[in-house]
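> Residues in the sequence shown are numbered from 142 upward in steps of one, following the working numbering. Glycine included, C-beta positions come from ideal geometry on N, C-alpha and C. Being a predicted model, the structure only gives us computed values, none of them experimental. Mind looking over this structure? Questions follow.
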Amino acid sequence: MPYPIRIVASALLLALLTACASLRAPPTTTFVIVRHAEKVADDSRDPALTAEGRARAQRLATALATAPLVAVYATGFQRTQQTAAPTAQAHALPVTTYDAEMPVAEFAALLLRNHRRGHVLVVAHSNTAPDIAAALCGCEVAPMDESEYDRRMTVQVPAEGPAMLISASMP
């Protein structure tokens with residue numbers, strides 16, 4: 142006696158879903174590294190963001206609104222914390238403070254060890270952001286000028302295969 146069509150269709154659907162699950166790409170971690178947004182020029186060691194800087198931080202949050210963000214990192218300075226805050230708040234994540242003096246290779250190793258999938262935002266400084274991106278991708282990254290606030294460096298690190306750097310402008 143032939144099987145009812147419903148049973149055959151269910152079996153085919155189950156086989157198709159199983160096949161699709163086995164074809165899933167291995168997990169990839171995407172690191173988004175930015176320099177803090179525009180800061181007040183008050184010659185202090187820890188200036189806050191300007192109105193333009195706060196607007197740029199909000200545009201970054203908007204640009205990352207649909208990203209599967211799993212973590213946000215920033216140094217302990219006001220300017221990095223304020224740049225990271227809108228994105229962290231939009232994803233209901235805390236901002237993890239890291240030591241700005243930590244050697245870049247050590248910080249990159251910590252990021253790679255702690256994050257095996259999803260998107261991770263790192264807010265750094267002009268003298269460290271390119272080096273963090275370079276350490277994550279194992280590639281060369283151009284230095285950043287002190288007046289540059291609009292570079293967003295995206296490094297994709299697949300579970301298998303080489304990391305890849307994608308540079309883009311920050312919104």
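How would you label P271, buried or exposed, when you count the other beta carbons within 10 angstroms and need 16 or more for buried?
Locating residue 271 in the sequence shown gives position 130, where the first residue counts as 1. Buried is the call here.
> Between which residues of its own chain and A226 is the CB-CB distance below 8 Å, once the five residues before and five after are set aside?
Position 85 of the sequence shown, counting from 1, holds the residue named residue 226. Same-chain partners within the cutoff: A198, V236.
> Ignore the nearest five residues each way along the sequence and tell me which others in Q297's own chain have a CB closer than 6 Å to its CB.
Here residue 297 is taken as the residue at index 156 of the sequence shown, counted from 1. Correct list, in chain order: T169, T171, M305.
> Touch check for the region 203-210 and the region 174-189: three-plus C-beta pairs under 8 Å?
Output reads no: the region 174-189 does not touch the region 203-210.
> Would you kindly check if the distance between the Cβ of H256 and the Cβ of T224 is under 8 Å?
Taking the sequence shown and counting its residues from 1, one reaches residue 224 at position 83. Taking the sequence shown and counting its residues from 1, one reaches residue 256 at position 115. Not in contact: T224 and H256 (Cβ atoms no closer than 8 Å).
> Does the beta-carbon of A215 have 16 or more other beta-carbons within 10 angstroms, so that it is buried, or is it exposed?
Stepping through the sequence shown from its first residue, residue 215 is reached at position 74. Buried, since its Cβ has 16 or more Cβ neighbours within 10 Å.
> Within the continuous alpha helix (DSSP H) that includes V224, where are the two ends?
The count along the sequence shown starts at 1 and reaches residue 224 at position 83. The question names Val, but residue 224 is Thr in the sequence shown. Here the alpha helix (DSSP H) through T224 covers 219-231.
> With respect to the alpha helix (DSSP H) encompassing T203, which residues constitute its N-terminal and C-terminal limits?
By one-based count along the sequence shown, residue 203 stands at place 62. It spans 192-204 - the alpha helix (DSSP H) in which T203 sits, taken as one unbroken run.
> Within this structure, are the beta carbons of R292 and M285 separated by less than 8 Å?
The residue labelled residue 292 in the question sits at position 151 within the sequence shown. The residue labelled residue 285 in the question sits at position 144 within the sequence shown. Yes, the Cβ-Cβ distance between R292 and M285 is below 8 Å.
> Please return the same chain residues whose Cβ sits closer than 6 Å to the Cβ of S267, not counting the five positions on each side in sequence.
As a first step, residue 267 is located in the sequence shown; it is residue number 126 there, counting from the start. Around S267: R176, M285, E287.
> Cα separation between V282 and S308?
To locate residue 282, count along the sequence shown from 1; it is residue 141. To locate residue 308, count along the sequence shown from 1; it is residue 167. Distance between the alpha carbons of V282 and S308 is about 9 Å.
> Give me the residue from A204, I174, L252, R220 with the minimum Cα distance to E193.
On the sequence shown, residue 193 is found 52 positions in, with the first residue counted as 1. It is R220.
> By how many angstroms is the C-alpha of T191 removed from the C-alpha of V173?
Numbered from 1 along the sequence shown, position 32 holds the residue referred to as residue 173. Numbered from 1 along the sequence shown, position 50 holds the residue referred to as residue 191. In a straight line, the C-alpha of V173 is about 22 Å away from that of T191.
> Please list, in chain order, all residues of the same chain as A222 whose beta carbon is under 7 Å from its beta carbon, the five residues on each side excluded.
If you number the sequence shown from 1, residue 222 lands on position 81. For clarity, residue 222 is Gln in the given sequence; the question names Ala instead. Closer than 7 Å at the Cβ level, and outside the excluded window around Q222, lie A215, V236.
> Taking only three categories from DSSP, how would you classify A274?
In the sequence shown, counting from the first residue as 1, residue 274 sits at position 133. In the structure shown, A274 sits in a helix (DSSP, three-state: H, G or I).
> Is A249 closer than 8 Å to I273 when the C-beta atoms are compared?
Residue numbering aside, residue 273 sits at position 132 when the sequence shown is read from its first letter. Residue numbering aside, residue 249 sits at position 108 when the sequence shown is read from its first letter. Closer than 8 Å, so yes.
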